[in-house]
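>
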Amino acid sequence: MGKLTFGTGAAIVAGFGAPETVDVIKGVKEGRNDVGTALQRIVRPPSAEAFSLKPFSRRTLKEKLASVPCFLVCNQQGSPYLVPLETGFDVGVVFLDPADAEEMLQSMVQNPQTADARVLVMGLDKGLELVQSEPRRNGNHMLVFQFCPSVQQLKNANGFRKVGWKAVLDKRPDKWRFGFNRQGVRNAGLPVFYCPDLRIAKGREMVKPVFFSMEDLYYAWDRSTAGKHGAAPGEVKTLDFLRVVEWMLNEPEQTRLVGFHASTQAQEYVEAQLRVKGGKARPIRAS
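In the working numbering, each residue carries its 1-based index in the sequence shown increased by 412.
In structure tokens:
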């Protein structure tokens with residue numbers, strides 16, 4: 413993975429003003445399979461096991477991201493279903509929380525025209541590649557991909573609490589749409605959580621974990637030596653995932669022991685899907 417190019421698709425998506433609500437979710441127009449074909453070239457079955465024996469400090473950023481699942485709602489042919497915005501952009505939504513992806517899925521399977529919808533699981537390295545990709549023509553619109561932050565973790569993030577939308581979101585059945593469209597939430601980025609005092613053993617190395625779930629961070633702390641002795645964690649920092657990625661690319665030596673910890677919910681969702689499908693695909697496991 414080379415340097416980040418947030419000046420393309422990601423920056424464009426972050427900059428346009430989305431409507432307050434989205435009433436229609438549509439797929440790629442019939443007969444236009446080029447988007448699905450392009451997606452299939454990017455999304456391949458994850459193979460985190462291929463590098464799981466490599467010392468953690470020697471793993472590339474791409475390898476570290478590959479063990480974290482993310483989710484995209486597609487049709488049976490692999491073409492993404494899109495959220496149309498009034499600005500003329502169609503957005504393929506890459507979810508970090510499977511519960512949010514399932515909300516979108518359930519709203520679609522009730523419509524006969526989109527009843528073939530399914531949740532596609534891919535590694536976060538592929539999700540980032542989609543978000544970084546150049547906008548492409550989709551009929552009369554332009555197609556871009558955008559991350560949708562976990563609504564649950566937005567509630568945990570310091571910036572989100574200051575905005576004061578937690579109580580509003582708790583009352584909405586379509587939480588992911590509300591969070592996706594609010595400019596303030598989008599500008600907050602993808603919240604991840606880091607405790608400078610916490611380390612996790614990976615083989616013979618002590619890794620500095622960055623969590624996608626605050627609950628997982630506190631669970632890991634309680635299982636640590638300090639936590640078992642009743643010590644409280646020090647400062648818990650809320651960071652933006654994209655800025656952490658940028659830091660890791662710019663400071664590879666300084667961040668060689670920094671890694672991402674997939675949320676328990678995401679891992680359990682992937683494993684449940686594998687059981688339903690008879691275990692034919694490989695799960696993405698935290699590495």
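Glycine included, each C-beta is placed from N, C-alpha and C at the ideal position.
Out of curiosity, what's the CA-to-CA distance linking residue 613 and residue 619?
6 Å
> Going straight from the alpha carbon of residue 484 to that of residue 559, what length do you get?
10 Å
> Nearer than 6 Å: is that true of the beta carbon of residue 490 relative to any heavy atom of the ligand FAD?
The ligand FAD is not among the ligands present in this structure, which contains no ligands whatsoever.
> Can you tell me the Cα-Cα spacing of residue 551 and residue 502, whole angstroms?
10 Å
> So, with DSSP's three-state summary, where would you put residue 521?
helix
> Considering only C-alpha positions, which residue in the set 530, 516, 529, 504 is nearest to residue 553?
504
> Please report the straight-line C-alpha distance between residue 565 and residue 466, rounded to a whole angstrom.
31 Å
> Given this structure, state the Cα-to-Cα distance separating residue 470 from residue 672, to the nearest angstrom.
15 Å
> With distance defined between alpha-carbon atoms, name the residue in 632, 622, 661 nearest to residue 650.
622
> Starting from the N-terminal side, write out each stretch of the beta strand (DSSP E) that is 3 residues or longer and does not extend beyond the segment 618-651.
Segments of the beta strand (DSSP E) lying fully in the segment 618-651: there are none.
> Could you check what DSSP says for residue 492 in three-state terms: helix, strand or coil?
strand
> Out of 509, 532, 524, which has the shortest C-alpha to C-alpha gap to residue 686?
532
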